[in-house]
Amino acid sequence: MLKTFLSHQSKSFWRSRNKGSSIATQIILGFFMLYFLVLAVGAGFSMPYLLPKIFANQNVITSFNGLILYYFAFDFIMRLQLQELPTLSIIPYLHLKIKRSQIISFLNVKSLFSAFNVWPFFLFLPFIFMRIAPAYGAFATVMYIIAIFSIAIFNNYLVLYIKRKTISNVLYTAVGLIIIAGFAALEYYKVISIMAASDFVFKAVASHPYIGFAFPIAAFLIFKINSDFLRKNLYTEELSSKQEKKVSTDYAFLNRFGKVGELAALELKLILRHKRSRSSVILGFFFLLYGFLFYKTPAIDGDKFGQMMFGAIFMTGVSIIIYGQFMFAWQSAHFDGLLSAKINFKDFIKAKFLLFTIASSIITLLASFYGFLSPKLLLLQLAAYLYNIGFGTVIVLYLATLNKKRLDITKAASFNYQGTSATQFLLMFPYALTPILLYVPFGMMDMPYWGLIVVAVFGLIMLLMRGFWVNVITAKFEKQRYKIAEGFRE
Amino acid sequence: MILEIKNLKKVYGDKTVVNIEHVQIKQGETIGLVGNNGAGKTTFFRMLLDLIRPTEGEVLSKGENVMLKDDWKNYTASFLDEGFLIDYLTPEEYFIFIGSLHDLSVADVSAYLAQYAEFFNGEILNSGKYIRDFSKGNQNKVGIAAALMQKPEILILDEPFANLDPTTQIRLKKLLKEHPGNMTTFISSHDLNHVTDVCNRIILVEKGQVIKDFKTDENTLKELESYFSA
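If you want it as structure tokens, here you go:
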């Protein structure tokens, strides 16, 4: 039975609608996976030589031991963010003559097919064979491997269990995040040290290898808990969505824009009421931290706005870029309805401009806390903001008329490449390069502020020309709508 | 008695969607579940199939609570909606998979499907399409045929006549009426003509509650029509 399930899974992958058309995406994803695997293997084999250099004043094995739990703590957080619950795939089997226990073991096995469960091996095995084996002998080596394997499994099922629990109770999420944040803070302020703890644990395994059996026991326990929970709660409506009372809402602030405002409100509801669009909004807030990567003190002191431009554009325009890359496709499920309804296409396009402008304004206001780093950054962000709402919106909406890929917005966003096509990759080039190209000549002539003014004025002119751009995009949209609708219907 | 529903309740928020005190179903009965949209028909079916956890009460299949044991899966077949189909398989693959669950060989399955040639009207088998590429009507046919193939003692179909063309509706009626043995059938439908024609017992539900429960006779259709037009 398990074999049949897995063969169905592979069929579902290879026969997925987007497969044929998005081979480019698949290849790029494949390269990414390969890249990370190569990185892991490389890191694994170079660890015996790199560790003494990084932690010069301690024993290599101490450093290695210290890294293990560190890695898995990080692994845990990453999994929490990225690992998907394999739940929806079981719906067609529930009513059939298949035992519940078989369905659960399928869910359990399926969850093991995750890159997270492969990396630790590539990362840690080389060092174990090269350094641990000669130092502590065969038994300890085997226990090391068992321990690492078990922690990976432990993390795997713990994350699934937590995720399943949190679906039914938001409180768990809050508590979990507070605990993790607490540990992070303790580590940061050097109250406790994961490295020291990790070293302590694995030293014990090295000297008394049988202690290592604790890990598989822990892994088995969490596996059991997870399976039991599933056995008692194998109801898809409880496993996959929250039950909350749905209420009708009215966004009063949009009413003043008339028809356009109504359409914008419609789309705002779409964004807030679907998982994928909602997570792209939340992602937008995370990108507010991007500034810390780009706004480096030397760059700020040297007025090197060119280096920081991308960061500023991306931050203030993140909602336009992330949400806009799938423009129209968000509405693919009811696109026919929109086309046949009494909607003026011009209003339809204007509503998108309106939403983008509001979103970008909010993010820009929030991002102005970087003014504490240096007031200059406010100028930079203002220029970026004007560019985003003036010209960025135009690029995004124009390219959107070329996008014919259907999107299922009920699915989550991480590692979901449905609806992705070459358009999305194309989008970034004109979007990010235009302002940088505008700035560069002035940057080279050592007139950074003039560069900012040019970018800002360019954005402002485009903003004033919005009426013209609305007409251009509406015309293009009217021409393309049949093709778009056809693509969305698939 | 093959099925017994005891004090079954499903509450979403403050809305009671299903509230059925006691219903007993004897082997061989063909029951039509009739009611307007929102009457709780599909939710009720989903609880029969243990797809939704009841807020209260229980469904006993051959005396055993469906939530506790899954023996009922051995003799129960169902098709409620397209979510029951594995839509990235071809119909053949799907039938063979369902057949394998009931220990039918590939040859058994094809022999079985041969008798449905008329029902399928040449559009399903060897069409070179995945199930998801079919129209809703044809997807329905796949689901219904797959359910019947399991030679169930209990068959549950939600709106089997919806989306089907007139010819197929008539064929399906024939299939349901003629189907041999002591199969207990549970169907829901908005088409009063069809249910009274196929079923020998009608359960009328409204807002989750059983309003009427009676055997069909020559006056049933009139009775139902007058109830729904009131």
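In order, the protein sequences belong to chains B and S. One point on numbering: in UniProt numbering, the residue at position 30 of the first sequence is 30, and numbering is uninterrupted. One point on numbering: in UniProt numbering, the residue at position 22 of the second sequence is 22, and numbering is uninterrupted. Glycine included, every Cβ here is placed at the ideal spot set by N, Cα and C. Model, not experiment: these values are computed from the prediction.
In this structure, TYR387(B) sits near ILE313(B), with a CB-CB distance shorter than 8 Å. Chain S has no Cβ within less than 8 Å of the Cβ of LYS350(B).
Restricting attention to LEU34(B), LEU107(B), ILE162(B) and LYS163(B), the CA atom closest to the CA of TRP119(B) is found in LEU34(B). For the 8 Å CB-CB criterion, ALA73(B) and PHE154(B) do not form a contact. By the C-beta criterion, the stretch 325-342 of chain B is judged not to be in contact with the stretch 286-293 of chain B, since fewer than 3 inter-stretch pairs fall below 8 Å.
Contact of LEU94(B) with chain S is assigned, a C-beta pair being separated by under 8 Å. Secondary structure at VAL23(S): strand, using DSSP grouped into helix, strand and coil.
For ASP81(S), none of the residues of chain B pass the 8 Å Cβ criterion, the least Cβ distance being about 10 Å. For GLY57(S), no alpha helix (DSSP H) run applies; the uninterrupted beta strand (DSSP E) run containing it begins and ends at 56-61, by DSSP.
Between ILE151(B) and TYR70(B), the CB-CB gap reaches or exceeds 8 Å. Shown in chain order are the members of the stretch 125-138 of chain S whose Cβ falls below 9 Å from a Cβ of chain B: TYR130 and ARG132.
Where VAL205(B) is concerned, the enclosing alpha helix (DSSP H) starts and stops at 194-207.
DSSP places ALA77(S) in the uninterrupted beta strand (DSSP E) bounded by 76-79. Looking at the backbone, the Cα of GLY392(B) and that of ILE321(B) are separated by about 8 Å. Here PHE161(S) is near SER189(S), since their CB atoms are less than 8 Å apart.
Using a Cβ-Cβ cut-off of 8 Å, THR434(B) does not count as an interface residue toward chain S, since no Cβ of chain S sits closer than that to its own. At a cut-off of 8 Å, the C-beta of ARG164(B) has no neighbouring C-beta in chain S. Our two residues, MET183(S) and LEU234(B), have alpha carbons roughly 28 Å apart in a direct line. Out of PRO91(S), ILE98(S), LYS222(S) and VAL17(S), the CA that lies nearest to the CA of GLN150(S) is found in ILE98(S). Interface flag for LYS73(S) against chain B is set, since a Cβ pair is found closer than 8 Å. When the beta-carbon positions are compared, LEU51(S) and LEU94(B) come within less than 8 Å of each other.
Apart from sequence neighbours up to five positions away, the residues of its chain that approach PHE294(B) with a beta-carbon distance below 6 Å are MET308 and GLY311, ordered along the chain. The three-state reading of DSSP puts GLN102(B) in helix, counting H, G and I together.
For ILE144(S), there are no neighbours in chain B by C-beta distance under 7 Å, as the nearest C-beta there is about 14 Å away. Here the alpha carbons of LYS110(B) and ILE104(B) stand approximately 10 Å from one another. One finds ARG46, LEU51, ILE52 and ARG53 in chain S with Cβ atoms closer than 9 Å to the Cβ of GLU237(B), taken in chain order. Contact check between the stretch 84-103 of chain S and the stretch 134-142 of chain S: three or more CB pairs, one atom from each, fall below 8 Å, which counts as touching. Taking the CA atoms as reference points, GLY66(B) sits about 16 Å from VAL191(B). A direct Cα-to-Cα measurement between ILE77(B) and THR62(B) gives close to 24 Å. Residue environment for TYR439(B): buried (at least 16 other C-beta atoms within 10 angstroms of its C-beta). For ARG201(S), DSSP records a beta bridge to ILE31(S) and LYS215(S).
In the structure shown, the three-state DSSP call for LEU175(S) is helix. Of the residues ALA77(S), GLY28(S), VAL17(S) and ASN65(S), the one whose Cα lies closest to the Cα of ASP158(S) is ALA77(S). Within chain B, no C-beta atom comes nearer than 7 Å to that of SER188(S); the closest sits roughly 15 Å away. Within the stretch 75-138 of chain S, the alpha helix (DSSP H) runs of at least 4 residues that lie entirely inside it are, in chain order, 91-101, 106-114 and 117-120. Taking GLU478(B) as reference, the option from VAL394(B), LEU460(B), LEU339(B) and MET445(B) with the minimal CA-CA separation is LEU339(B).
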